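Asks: Below you'll find the structure I mean.
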Amino acid sequence: MAARQYCSQGLMLTTPHSWNTMSLWKKTASVELLNAHCLNTAVSHLGIEITEVGDDFLRGRVPVDRRTCQPFGLLHGGVSVVLAETLGSVAANYASPEGWRGVGLDINANHLRAATSGWVTGTARPVHIGRTTQVWQIDMVNDAGEMTCTSRITMAMLAPRPGTSS
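Next up, the structure:
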C-alpha cells in the first residue's frame with residue numbers, strides 16, 4: 002500500500018488526482034444552482050453547462066457550434082480555455098470556506114486534438130487545495146472520449162473582507 006499523503010486541508014490524497022471519498026465542497030453545490038448562477042454571462046452565451054458535481058470533481062461541457070468555432074470550423078482554442086477557467090473557478094469557489102473567493106492567477110492549456118462537432122466535456126479535479134492558493138487540472142474530451150485539451154489553473158483564495166457578509 003502506498004504511503005498516505007495529506008493536502009494542507011487535511012484531506013487524504015491517494016494519487017495526484019484521487020482525493021478520499023469525503024466531498025471536498027464546503028458550500029452547497031448542485032448542477033441547477035451552478036447553471037442558474039451562470040445565466041447571462043459569457044458562460045451561458047457560449048452554451049457552456051455544468052453537467053455533474055461529484056465528491057471530488059466538477060464536470061461541464063461546451064457545444065462545438067457556430068458560436069464556439071473559429072473560421073476554419075474547429076472549436077476555438079480560447080473557448081476550451083473559457084471552459085477550463087469556468088470549471089476551475091467554480092470548483093475553487095465551492096471548495097473554499099463561506100465568504101472566501103477564488104480569483105484566477107494563472108491558466109495554461111495544451112490543445113491536443115481538434116474538435117469539429119458535438120460537445121467537448123471538461124472535468125476539473127483538485128491538484129492542490131491550500132489556504133491561499135488552489136490548483137485545478139481540467140481535462141477535456143470529445144464525444145468519442147478522445148482528449149482534446151488539458152489545462153491547469155491556479156487560483157488565489159481571498160479572505161472575506163472585514164464588515165462584509167460574503
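Residues 2 to 167 in the numbering used here are what the sequence shown spells out, letter by letter.
Idealized CB from N, CA, C, for every residue including glycine.
Remember, it's a predicted structure, so these values are computed and weren't measured experimentally.
Using DSSP bridges, identify the partner residues of R126.
Replies: Answer is Q138.
Asks: Would you identify the three-state DSSP class for N87, choosing helix, strand or coil?
Replies: Correcting the residue identity first, residue 87 is Thr in this sequence and not Asn. T87 falls in the helix class under three-state DSSP.
Asks: At which residue ranges does the segment 28-94 contain complete beta strand (DSSP E) runs of 3 or more residues, listed in the order of the chain?
Replies: 50-54 and 59-64
Asks: Can the beta-carbon of L40 be found less than 9 Å from the beta-carbon of V63?
Replies: no
Asks: Take R102 as the anchor and find which of M23, A43, A160 and A37 has the nearest alpha-carbon.
Replies: Taking only the C-alpha atoms, the option nearest R102 is A160.
Asks: Taking one C-beta from the segment 91-100 and one from the segment 146-165 each time, how about it: are there three or more such pairs within less than 8 Å?
Replies: Touching, per the Cβ criterion.
Asks: Let me make sure I understand the geometry here. Which of R68, K27, W26 and L75 has the alpha-carbon closest to that of R114?
Replies: L75
Asks: If you draw a straight line from the C-alpha of A92 to the C-alpha of F58, how long is it?
Replies: 8 Å
Asks: When the Cα atoms are used, what is the spatial distance from P17 to Q135?
Replies: Reliability of the predicted coordinates at P17 is poor, the pLDDT of 44 falling under 50, and the value obtained from them is presented with this limitation in mind. Their backbone Cα atoms lie some 14 Å apart in a straight line.
Asks: Could you have a look at W26 and say whether DSSP puts it in helix, strand or coil?
Replies: coil
Asks: Per DSSP, G146 forms a beta bridge with which residues?
Replies: In DSSP, G146 forms no bridge with anything.
Asks: Taking all protein chains shown into account, do 16 or more other C-beta atoms lie within 10 angstroms of the C-beta of E86, making it buried, or fewer, making it exposed?
Replies: buried
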